[in-house]
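What follows is a short report on a single structure.
In the numbering used here, the protein residues as written are 2 to 68.
Set out below in structure tokens:
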């Protein structure tokens with residue numbers, strides 16, 4: 002899905018109004034390219050797990066996720 006993150010905070014750094022794409026293969030059927038986007042972030046490549054908290058409207062990436 003395409004969207005926009007209000008903000009992304011990494012430690013003390015905060016970026017606002019960030020374009021976002023949650024890619025769930027096979028999106029090629031939906032017209033989304035299957036090749037890697039050059040300026041994308043893959044949490045898995047950094048050894049991070051990811052949880053989408055819809056209730057609190059948060060995307061959480063961490064080496065160890067909270068309970």
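Every residue, glycine too, gets a C-beta built ideally from N, C-alpha and C.
Discussion item. If you reduce the DSSP assignment to three classes, tell me which class residue 45 lands in.
Written reply: Along the chain shown, read from residue 1 onward, the residue named residue 45 stands at position 44. Helix.
Worksheet item: Do you know offhand how far residue 8's Cα is from residue 20's?
Response: Working through the chain shown from its first residue, we reach residue 8 at position 7. Working through the chain shown from its first residue, we reach residue 20 at position 19. For residue 8 and residue 20, the distance between alpha carbons rounds to 10 Å.
Worksheet entry | Euclidean distance between Cα positions of residue 63 and residue 3 | Residue mapping note: residue 63 aligns to position 62 of the chain shown, counting from 1. Residue mapping note: residue 3 aligns to position 2 of the chain shown, counting from 1. Straight-line Cα distance between these residues: approximately 22 Å.
Item to complete: On a CA-only basis, which of 12, 22, 54 is nearest residue 5? Give me that one, please.
Response: Counting from 1 along the chain shown, the entry for residue 5 is found at position 4. Closest by alpha carbon: 22.
Worksheet item: Looking at the unbroken beta strand (DSSP E) that takes in residue 54, where does it start and where does it end?
Response: On the chain shown, position 53 is the one that residue 54 refers to. It spans 50-54 - the beta strand (DSSP E) in which residue 54 sits, taken as one unbroken run.
Discussion item. Going by DSSP in three states, residue 4 sits in which element: helix, strand or coil?
Written reply: By one-based count along the chain shown, residue 4 stands at place 3. Residue 4: strand per DSSP, three-state reduction.
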